[in-house]
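Its first residue numbered 259, the sequence shown is counted upward by one per residue in this note's numbering.
So the structure is just underneath, and the comments pick up after that.
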Amino acid sequence: MTAHHWHVLGAGAMGCLFAARLQDSGCDITLVVRDTRPDPLALVLEDGEDTREMKFPTTTAADRAPISHLLVTTKAYDVVDAVSSLAHRLDRDSQVLLLANGLGFASELSGRYPWLAPYCGTTTEGAYRVSSFRIRHAGHGATRIGRSGEPNPPAWFAPWRALENCLWEQDIDSALWEKLAVNCAINPLTAVHDCRNGELLSRPELAREVDALCNEIARVSEAAEFAPIAAGLRARVEEVIRNTASNHSSMLQDCRAGRTTEIDYITGQLLRVADLHGIAAPRNRSLLEQVKRLGG
Numbered sequence: 259m260t261a262h263h264w265h266v267l268g269a270g271a272m273g274c275l276f277a278a279r280l281q282d283s284g285c286d287i288t289l290v291v292r293d294t295r296p297d298p299l300a301l302v303l304e305d306g307e308d309t310r311e312m313k314f315p316t317t318t319a320a321d322r323a324p325i326s327h328l329l330v331t332t333k334a335y336d337v338v339d340a341v342s343s344l345a346h347r348l349d350r351d352s353q354v355l356l357l358a359n360g361l362g363f364a365s366e367l368s369g370r371y372p373w374l375a376p377y378c379g380t381t382t383e384g385a386y387r388v389s390s391f392r393i394r395h396a397g398h399g400a401t402r403i404g405r406s407g408e409p410n411p412p413a414w415f416a417p418w419r420a421l422e423n424c425l426w427e428q429d430i431d432s433a434l435w436e437k438l439a440v441n442c443a444i445n446p447l448t449a450v451h452d453c454r455n456g457e458l459l460s461r462p463e464l465a466r467e468v469d470a471l472c473n474e475i476a477r478v479s480e481a482a483e484f485a486p487i488a489a490g491l492r493a494r495v496e497e498v499i500r501n502t503a504s505n506h507s508s509m510l511q512d513c514r515a516g517r518t519t520e521i522d523y524i525t526g527q528l529l530r531v532a533d534l535h536g537i538a539a540p541r542n543r544s545l546l547e548q549v550k551r552l553g554g
C-alpha cells in the first residue's frame with residue numbers, strides 16, 4: 259500500500275477527523291490553516307472512551323510548495339475560493355478530493371480550473387469541535403468516494419481503504435444526489451422550526467411537512483434520472499431521522515449562531531435542477547427563503 263502526502267484544506271472538526279484517520283493509515287498529513295499557527299499543531303481527538311493527542315504540520319495558502327493530494331472539507335460556499343487560494347500550488351497531476359455538503363461547487367470549480375477534475379465524496383461520519391484544539395468523534399458512519407464515469411479507484415485510494423467503512427463508489431453521482439435529497443428533506447425544516455431531527459417524526463404537524471417535502475423532492479429526483487432514489491426517498495429520510503433523532507442539524511446550528519448556511523448548495527441546488535426540468539417546487543423554495551432570512 260502506497261501512502262501519500264495529503265494536505266487538508268478546512269481544518270474544522272471533519273477535516274481534523276479525516277486528517278487523524280489518514281495519518282493512522284500511514285499517510286503524511288499537513289493542515290492548511292488561515293494564519294500562522296504552532297508547527298506542528300497539537301490536537302486532541304476524543305473517540306468514545308479513547309482520548310489522544312495528535313500533531314500535524316501546518317501550512318498556509320501563501321506558501322509555494324506544490325501540493326500533490328488535497329482533501330477539501332470546507333463549508334460548501336467556501337470550496338471554490340478556498341481551492342482558488344491554493345491554485346498556484348496545484349498542477350495537472352494534483353489529486354483533489356472534495357468532501358463537503360451539497361452539490362454545485364464541483365462544477366463551479368471545474369469551470370474555473372478545468373484541468374483539476376476533482377473527485378467527490380460523501381460521508382455520514384459525525385464530529386464537532388469541543389474547543390479550539392479539541393475534536394469529538396460523535397458518530398461513526400460511512401464514507402463514499404468516487405468520480406463520475408470512473409468505476410475503478412485510482413492508486414491514491416489504497417490508504418483510504420484502511421479507514422473504517424470507506425469505499426470506492428462506482429456511481430458517485432447517485433450517492434451524492436441521495437445525500438442531497440435527504441438533506442433537503444431534513445436540514446431546512448429543523449432550521450426553520452428550531453428543532454432536533456427526531457421532532458420531524460415525533461410531531462405530527464412536522465411529519466406531514468416531511469411527507470409533502472419528500473413528494474416534491476422525489477419528483478425532482480425522478481426528472482433528474484434518479485428514479486430508485488425517488489422511490490425510496492421517504493423511507494430513507496425516516497431512517498436518517500431515527501438514526502440522528504437527538505442531533506441538531508448543522509444548518510440549525512449555523513442559523514442559531516447567525517452564520518451563513520449551506521442552503522444554496524443543498525436546497526438551492528435542488529431548485530436549480532427543478533427549474534431545468536420545469537418542475538414547480540414551492541415547498542423547497544419557501545424553505546430556502548425562510549432559511550436565508552434566518553442565517554443567510
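We put the CB at the ideal spot given by N, CA and C, even for glycine.
Kindly identify the DSSP beta-bridge partner or partners of I393.
Beta-bridge partners of I393 (DSSP): L303 and R387.
Looking at L545: is its Cβ nearer than 8 Å to the Cβ of T525?
Contact flag set, yes.
Burial state of W373, where buried means 16 or more other Cβ atoms lie within 10 Å
Its Cβ having fewer than 16 others within 10 Å, W373 is exposed.
Taking contact to mean 3 or more Cβ pairs, one atom from each stretch, closer than 8 Å, check whether the stretch 486–496 and the stretch 438–453 are in contact.
Yes: the two stretches touch, three or more of their Cβ pairs being nearer than 8 Å.
In chain order, what residues of the same chain have a beta carbon less than 7 Å from the beta carbon of P411, not counting five sequence neighbours either side?
Within its own chain, the residues whose Cβ lies closer than 7 Å to the Cβ of P411, once the five positions on either side in sequence are excluded, are W426, listed in chain order.
Report yes if the CB atom of A358 is closer than 8 Å to the CB atom of K333, and no otherwise.
Note that the C-beta distance between A358 and K333 is below 8 Å.
Please check the pair A449 and S507, which I expect to be a contact at CB under 8 Å, by giving their CB distance rounded to whole angstroms.
Confirmed, about 7 Å.
Take the Cβ of G360 as the centre, count every other Cβ of all protein chains shown within 10 Å, and call the residue buried at 16 or more, exposed below.
Classified as buried, G360 has 16 or more neighbouring CB atoms from the shown chains inside 10 Å of its CB.
Same chain, Cβ closer than 7 Å to R350, neighbours up to 5 away in sequence not counted
Closer than 7 Å at Cβ, skipping near neighbours: W373.
To the nearest angstrom, how far is it from the Cα of V337 to the Cα of A319?
In this structure, the alpha-carbon of V337 lies about 14 Å from that of A319.
Along the beta strand (DSSP E) that carries H263, what are the first and last residues, could you check?
H263 -> beta strand (DSSP E) spans H263 to L267.
On a Cα-Cα basis, can you pick out the residue from F415, G536 and E408 that is closest to H262?
If we check each option's Cα against that of H262, F415 comes out closest.
Boundaries (first-last residue) of the alpha helix (DSSP H) holding H398:
No alpha helix (DSSP H) contains H398, which DSSP labels as neither H nor E.
G553: which of I537, D431, R514 and A470 sits nearest, CA to CA?
The shortest Cα separation from G553 among I537, D431, R514 and A470 belongs to R514.
Going by DSSP in three states, R492 sits in which element: helix, strand or coil?
Residue state for R492 is assigned as helix, using DSSP reduced to three classes.
In three-state DSSP terms, what is G273?
Under the three-state reduction of DSSP, G273 is assigned to helix.
Proximal residues to L529 (C-beta, below 8 Å), its chain only, five neighbours per side dropped:
Taking L529 as the centre and dropping the five residues before and after it, the same chain places the C-beta of A539, N542, R543 and L546 closer than 8 Å to its C-beta, in chain order.
For M312, I'd like the list of residues in its chain whose CB is within less than 7 Å of its CB, leaving aside the five on either flank, ordered along the chain.
A278, Q281, L301 and L303, listed in sequence order.
Considering only residues of the same chain and omitting the five flanking positions on each side of A385, which have a CB-CB separation below 7 Å?
For A385, where only same-chain residues beyond five positions count, the Cβ hits under 7 Å are A271, M272, L275, I393, R394, H395 and A396.
Which same chain residues, not among the five before or five after E436, have their C-beta less than 6 Å away from its C-beta?
I487, listed in sequence order.
Of all the beta strand (DSSP E) runs that stay within the bounds of the stretch 339–389, which reach a length of 3 or more residues?
Counting only runs of 3 or more, we get 353–356, 377–381 and 384–389.
Taking the alpha-carbon positions, what's the Y377 to S283 distance?
So the two alpha carbons sit approximately 20 Å from each other.
Burial state of G268, where buried means 16 or more other Cβ atoms lie within 10 Å
Buried, since its Cβ has 16 or more Cβ neighbours within 10 Å.
Determine whether the beta carbon atoms of T502 and N455 lie at a separation below 8 Å.
In terms of Cβ geometry, T502 and N455 form a close pair [threshold 8 Å].
Locate the alpha helix (DSSP H) running through E436, then write down its first and last residues.
Looking at the DSSP string, the run of the alpha helix (DSSP H) that includes E436 is I430 to H451.
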